[in-house]
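Under my numbering, read the sequence shown as residues 2 to 334, first letter to last. All residues carry an ideal CB built from backbone N, CA and C; glycine is no exception. Here's the structure we're looking at; comments come further down.
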Amino acid sequence: MVILGIDTSCDETAASVLENGKILSNIVYSQSIHKEFGGVVPNLASKDHEKHIYNTIIKAVESASISLKQIDAIAVTFSPGLISCLLVGLNFAKGLSIGLNVPLIPVNHLEGHLCSNLIDNYKIDMPYLCLLVSGGHTQIWIVNSAGDYKILSTTVDDAAGEAFDKGAKMLGLGYPGGPVIEKNAINGDENKYTFSIPKIKNNPVNFSFSGIKTSLYYKIKNMNQSEIETEKKHLCASFQEGILNILFDRLKMVIKGNDIRNISIVGGVSCNKRFRLLSEKFSKNYNVNLHFPENQFCTDNGAMIAMSAYLKNNINSRDNSSLKVVPIPNVKI
Ligand code: KG4
Ligand code: ZN
2 MVILGIDTSC DETAASVLEN GKILSNIVYS QSIHKEFGGV VPNLASKDHE KHIYNTIIKA
62 VESASISLKQ IDAIAVTFSP GLISCLLVGL NFAKGLSIGL NVPLIPVNHL EGHLCSNLID
122 NYKIDMPYLC LLVSGGHTQI WIVNSAGDYK ILSTTVDDAA GEAFDKGAKM LGLGYPGGPV
182 IEKNAINGDE NKYTFSIPKI KNNPVNFSFS GIKTSLYYKI KNMNQSEIET EKKHLCASFQ
242 EGILNILFDR LKMVIKGNDI RNISIVGGVS CNKRFRLLSE KFSKNYNVNL HFPENQFCTD
302 NGAMIAMSAY LKNNINSRDN SSLKVVPIPN VKI
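Structure below.
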């Protein structure tokens, strides 16, 4: 079963080819046009997807050393994401599936992330807990089996990646914020500035990152540019630590009320090296197995979309030509 996976939900034009769950190629074009704005500008993003989707898909097919005719099915993200961006991927996938006469499989982007630790050789056994930390989402799920997911926790405001992005913008570091904050934090003191862990009333395992963002704002409000410059590495290290502390705090809570010992950590923020280092300690202290995907499968990619379609095993030639995008899914806790 050869599946072409396509994702254009945000600012990555991504295509990948998987054969029976094994990776043959994974091509990601990351848009750089948003840097100067400190965040993704939707209409620029969709135009850039239009410009690059054809080449990205052709590259994915060529790097997989297959021909278009060998594709058995096309999996594409239909939700959630930026509406104009989702439309580019979905419409291209529709056209290609009609042209090649192969099934079109709609995939939820979050489900793709949940499956990203399974690409290639199933690095984690089910059931597992999955902490999904990206630019748009911060959630904890139970993955019982492919297609059987239960959400335990979500953010009540910003996502963790969004906090990195907004923090970086405040510090004048550009976009995306996670990698630049991580880089600037390298020789900083993570204890120099304190950021508290928020408490959420209705569901204590839910996340909140608006407070840490505001806290950073007030810490630098009265600093002049040269003070910010001198303190940058400490601010970055402490801010990064503050975000990670919130993530670990909620993980601790969820583990306490659960027997599942396998935990998958996915989404763009899971690339963070400090996160991975602290996880080793966490894993020993709480007797859990933490798994991170390879970096190429943490940030948005087409492989996780193809994998998710492959695992569900319901690939048929249903007519999906009237399939629509769903920018905001209805996930309530
Ligand atoms: O999963 P992803 O590519 O897209 C979404 O589905 O949102 O995640 C992008 C997010 C951005 O907010 C980015 O700042 C963050 O992941 N990110 C990181 C790192 N690399 C990417 N955050 C912290 N440390 C990193 N190394
Ligand atoms: Zn994502």
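CB contact flag (residue i, residue j, <9 Å)
{"i": "F196", "j": "S154", "result": "no"}
{"i": "G178", "j": "G162", "result": "yes"}
{"i": "A61", "j": "N102", "result": "no"}
{"i": "V306", "j": "S98", "result": "Residue 306 is actually Ile in this sequence, not Val. No; because the gap between Cβ atoms is not below 9 Å, this pair is not in contact."}
{"i": "S271", "j": "I247", "result": "no"}
{"i": "V29", "j": "E51", "result": "no"}
{"i": "K167", "j": "G40", "result": "yes"}
{"i": "R251", "j": "V181", "result": "no"}
{"i": "S265", "j": "F283", "result": "no"}
{"i": "M308", "j": "I125", "result": "no"}
{"i": "K23", "j": "N122", "result": "yes"}
{"i": "Q241", "j": "N273", "result": "yes"}
Neighbourhood of residue i by C-beta, 8 Å cutoff - its chain only, sequence neighbours within 5 removed
{"i": "L324", "result": "F79, L91, K95, L105, P107"}
{"i": "A310", "result": "I4, G6, A74, A76, I106, V108, I316"}
Rounded Cβ spacing between residue i and residue j (contact assumed at less than 8 Å)
{"i": "I256", "j": "L236", "result": "So it is not a contact: roughly 30 Å between Cβ atoms."}
{"i": "C116", "j": "L291", "result": "The Cβ separation is near 17 Å, so there is no contact."}
{"i": "V326", "j": "L87", "result": "4 Å"}
{"i": "V157", "j": "I198", "result": "Not confirmed; about 14 Å, so no contact."}
Bridge-paired residues (DSSP) for residue i
{"i": "P107", "result": "V77"}
{"i": "F208", "result": "T156"}
{"i": "K23", "result": "E20"}
{"i": "I266", "result": "L132"}
{"i": "H53", "result": "Bridge partners of H53: none, in fact."}
{"i": "Y150", "result": "V144"}
{"i": "T139", "result": "V134"}
Beta-carbon contacts of residue i that lie in its chain and below 6 Å, excluding the five residues immediately before and after
{"i": "E37", "result": "none"}
{"i": "I229", "result": "I221"}
{"i": "N21", "result": "M2"}
{"i": "N321", "result": "L105"}
{"i": "K193", "result": "H235, S239"}
{"i": "S64", "result": "S26"}
{"i": "K151", "result": "I143"}
{"i": "F93", "result": "I54"}
{"i": "A147", "result": "L312, K313"}
{"i": "I58", "result": "A16"}
{"i": "G137", "result": "A160"}
Residues near residue i in its chain [Cβ-Cβ closer than 7 Å; skip 5 each side]
{"i": "L245", "result": "R275, F276, L279"}
{"i": "V289", "result": "I256, R262, I264"}
{"i": "H114", "result": "L133, S135, V267, G268, M305"}
{"i": "F298", "result": "S117, I120, A304, M305"}
{"i": "K233", "result": "L172, N185"}
{"i": "A164", "result": "F210, I213, K214, I244"}
{"i": "Y218", "result": "M171"}
Can we say the stretch 72-89 touches the stretch 34-49, given the rule of at least three CB pairs closer than 8 Å?
-> Contact between the stretch 72-89 and the stretch 34-49 is present, with at least three C-beta pairs closer than 8 Å.
Count the CB pairs spanning the stretch 268-277 and the stretch 4-20 that are closer than 8 Å, and state whether there are at least three.
-> In short, these stretches do not touch, since the Cβ pair count stays below three.
How do the stretch 214-226 and the stretch 155-175 stand: do at least 3 beta-carbon pairs fall below 8 Å, yes or no?
-> Contact holds between the stretch 214-226 and the stretch 155-175, because three or more Cβ pairs, one in each stretch, are under 8 Å apart.
The stretch 28-42 contacting the stretch 70-78, beta-carbon criterion three pairs below 8 Å | Output reads no: the stretch 70-78 does not touch the stretch 28-42.
Contact between the stretch 178-193 and the stretch 137-151 (3+ Cβ pairs under 8 Å) | Contact fails: fewer than three Cβ-Cβ distances are below 8 Å.
Is there contact here, the stretch 256-268 with the stretch 130-138, by at least three beta-carbon pairs under 8 Å?
-> As far as the Cβ criterion goes, the stretch 256-268 touches the stretch 130-138, which means the pair count is three or higher.
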